[in-house]
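Student:
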Amino acid sequence: MKQESHLQRKINLKKTDVGTIPEGWDVVRINQIKSNKKYAIAMGPFGSNITKDNFIPSGIPVIRGTNLEDFKFKEEDFVYLSETKADELKASNAFPKDIVITHRGTLGQVGIIPENSNYSRYVVSQSQMKLSCDENIVNPYFVYYFLKSKRGQHLLLLNKSQTGVPAIARPTTSLKGIKIPFPNFDEQNAIVDILRSLDDKIELNRRMNATLEQIAQAIFKQWFIDFEFPDENGQPYKSSGGEMVESELGRIPRGWEVKELKNFGNIICGKTPSKKIHDYYEDGTISFIKIPDMRNKIFPIDTEDKLSKKGAEAIYKKKVPANSVCVSCIATVGLVCLTNEEAYTNQQINSIIPVSSVSPYYLYFAMRELYEKLHLWASGGSATLNLNTKQFSGIKIVMPPADVMVKFDDQNDSIFKKILCNSVESKVLSQTRDLLLPRLMSGKIRIPV
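The opening residue of the sequence shown carries number 1366 in this note's numbering; numbering runs sequentially from there.
#1: State the start and end residues of the unbroken alpha helix (DSSP H) segment that holds K1439.
#2: Output the boundary residues of the beta strand (DSSP E) element that contains F1757.
#3: Could you give the distance in angstroms between the alpha-carbon of V1771 and the alpha-carbon of Q1579?
#4: With distance defined between alpha-carbon atoms, name the residue in L1433, Q1796, K1641 nearest to D1667.
#5: Between the region 1585 to 1595 and the region 1735 to 1751, do at least 3 Cβ pairs fall closer than 8 Å?
#6: Between the Cα of T1538 and those of P1546, N1549, L1521, E1552, spot the shortest distance and give me the residue it belongs to.
#7: Quick check on the burial criterion: 16 or more other C-beta atoms within 10 angstroms. Buried or exposed for C1786?
#8: Closer than 6 Å by C-beta to M1764: which residues in its own chain qualify, once you throw out the five before and the five after it? Chain order, please.
#9: Between which two residues does the alpha helix (DSSP H) harbouring S1400 extend?
#10: When the Cα of L1626 is compared with those of K1586, V1723, I1651, G1649, which residue comes out closest?
#11: With a Cβ-Cβ cutoff of 8 Å, do V1557 and F1511 count as a contact?
#12: DSSP beta-bridge partners for S1722?
#13: Between the region 1471 to 1480 and the region 1445 to 1458, can you find at least three pairs of beta-carbon atoms closer than 8 Å?
#14: What are the complete alpha helix (DSSP H) segments, minimum 4 residues, inside the region 1731 to 1795?
#15: How many angstroms separate the CA atom of L1378 from the CA atom of P1387?
#16: Can the beta-carbon of I1663 be found closer than 8 Å to that of I1784?
#17: Measure the C-alpha to C-alpha separation of K1675 and Y1709 and round it to an integer number of angstroms.
#18: For I1812, which three-state DSSP category applies?
#19: Taking DSSP as the reference, what is the three-state secondary structure of N1458?
#20: Just to confirm, are I1632 and N1715 a CB contact at a threshold of 8 Å?
#21: What separation, rounded to the nearest whole angstrom, lies between the Cα atoms of E1647 and H1468?
#22: Please name the residue in G1424, D1382, I1545, P1531 whose C-alpha comes closest to that of G1517.
#23: Just the Cα atoms here: how many angstroms apart are I1466 and D1768?
#24: Count the other C-beta atoms from every protein chain shown that fall within 10 angstroms of the C-beta of I1718, then say buried if there are 16 or more, exposed otherwise.
#25: Could you pull the start and end residues of the alpha helix (DSSP H) that S1526 belongs to?
#26: Would you identify the three-state DSSP class for L1378, choosing helix, strand or coil?
#27: Keeping to the same chain, check which residues put their C-beta closer than 7 Å to that of E1552; ignore five residues upstream and five downstream.
#28: Determine which residues share a DSSP beta bridge with N1715 and list them.
#29: Using a Cβ-Cβ cut-off of 7 Å (strictly less than) and excluding sequence neighbours within five positions of T1749, which residues of its own chain qualify?
#30: How is Q1493 classed by DSSP in three states: helix, strand or coil?
#31: If you draw a straight line from the C-alpha of R1429 to the C-alpha of D1435, how long is it?
#32: Given this structure, state the Cα-to-Cα distance separating S1721 from F1438, to the nearest angstrom.
#33: When the Cα atoms are used, what is the spatial distance from R1572 to I1780?
#34: Per DSSP, what kind of secondary structure is S1897 in: helix, strand or coil?
#35: Return the bridge partner residues of V1821 from the DSSP annotation.
#36: Reducing DSSP to helix, strand and coil, say where S1673 ends up.
Right, dumping it as C-alpha cells:
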C-alpha cells in the first residue's frame, strides 16, 4: 500500500474555544504569551501628551494608521518625535517584532515591525496599541498572522463600540483575553515560514514595480519636462539647440501643441449599476474600479467589486477598454491608473480612452504630473473636492507629435509589461496566502516538522 505523506495523514481534531484544532495543540490567551518585560501590552499616549507641536523633521518615528494599511507595516509618511519626548512616552515605545494594532478609527489594522526595520524604536500613536511577545515560547509572526486571519479579526473586534468614532472597548484588556491556537514552537515556525515566503515575494514584486515605475517616470521627465527627447540625429533635443517656442503652458518644442484632454481621446465618466439588483454583481468577473482600487497601483487588476455580464450591459456606454487612463476626480482627487483589460468605473472617476496616435503611457505620467493642479481645480470653494467631466475634459496639456509618443511607448512598453506581470503574480500569491492562512492557523493543513 502506498504510504500517506505527512500532509495527507489523518489529523485527530478536538473542539475548542477557538474552533476545531489538532490534538496536541493548546489554546492560550495572548496575556500568557506576552513578554515578561514591562509595557509588553500598552496603548499609545493620551492625545494631550503628543501633539503637532511635538513633531520634528527627523527623530523617533510615530506609527499611525497610515503605516498599517493592508496588514502591512509601511515605513513611510512618518511623523517624528525627539529622543527626549520618546523617552517620556516610554510605555508607548515599540521595537522590531512588536505587533501594532489600531484600537480607534480604522479598526482591524494589524502590522508587525520587521526585524530589519529602518529604525531601532518607534512610538505608537494614541489610536494604536502594541504587543511584545515572549519569543522563548511563541513566534511573534505566528501571532501576527492569527490576528489578521478571519478568526483573529473577529476576536479582535468583538468588543468594538457601536457609537461615535469606531473603537475597541478596554483595548488592552480585550487584547490580553483573546484566545489563540497554540501549536509547538517548531510547527509555529514552519507555518510562519510558508506565509512569510509568500509575503516576501509580494513585497519584492512591489519594490521591483516601484523601481520600474521610477525608471519610466525618469524617461518621461527627460522627454516631456526637460524636452531632451532624441532629435532626428538621436541627440537630446533642447541641449542640442532644438528650437523652442512660446505656448500658454510655457516654452515647448516647435511643432508641439497645447490641447484639451478631450483632444487626446474619448472622456468617460463612470456610473455605478444599482446595488439593489443582485444579478448585476453576482458571480461577476468584469473589473469595476473604485477609488480604493487605484491606491498605490498602476494597474487595478484586483478590484473589490466585479460586474456580471448583466451589470456591464446595464452601463454599456461607460465601458473603458484596455490601455485607458483613469483619474479620480471626486473627494479623493488625483489618483491615476491604467487599465489592462476592459473595465468599468464608478462616477468618481473620469477615464481617457486614447485615440490611436496618443500614448497611454504618456497620458498616465502627464496626469500624474497634474496632481496638485487637479486638487486646485477641484476645490471650487466647497469642502468636497469635485472636478466634473466638463472641467476635466477642458484641462490643457502639451501634445507631442505622434512619432515622439510612439518612440516613448517603444521605450516603456517592456517596463509596463513587467509591472503588469509582477502585479498579476502578486495577486495570485495573495490569493494563495489568504487561502492557506485559515487552514494553517486551524491545523486543517499540517506542516511536517
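Beta carbons: idealized from backbone N, C-alpha and C, even for Gly.
Tutor: Reading it off the structure:
#1: Careful: K1439 lies outside any alpha helix (DSSP H) and carries neither H nor E.
#2: Taken as a continuous stretch (DSSP letters only), F1757 belongs to no beta strand (DSSP E), being part of the alpha helix (DSSP H) at 1754 to 1758.
#3: 20 Å
#4: Q1796
#5: no
#6: L1521
#7: exposed
#8: E1622, K1624
#9: From DSSP, S1400 is part of no alpha helix (DSSP H); its letter is neither H nor E.
#10: V1723
#11: no
#12: Bridge partners of S1722: none, in fact.
#13: no
#14: 1736 to 1744, 1754 to 1758
#15: 4 Å
#16: yes
#17: 13 Å
#18: coil
#19: strand
#20: yes
#21: 34 Å
#22: I1545
#23: 52 Å
#24: buried
#25: Per DSSP, S1526 belongs to no alpha helix (DSSP H) and is neither H nor E.
#26: strand
#27: I1812, V1814
#28: C1634, V1692
#29: A1696
#30: strand
#31: 13 Å
#32: 41 Å
#33: 14 Å
#34: In the structure as shown, the chain begins at 1366 and stops at 1814. Residue 1897 is therefore absent and cannot be evaluated.
#35: Absent from the structure is residue 1821, since the part of the chain shown begins at 1366 and ends at 1814.
#36: coil
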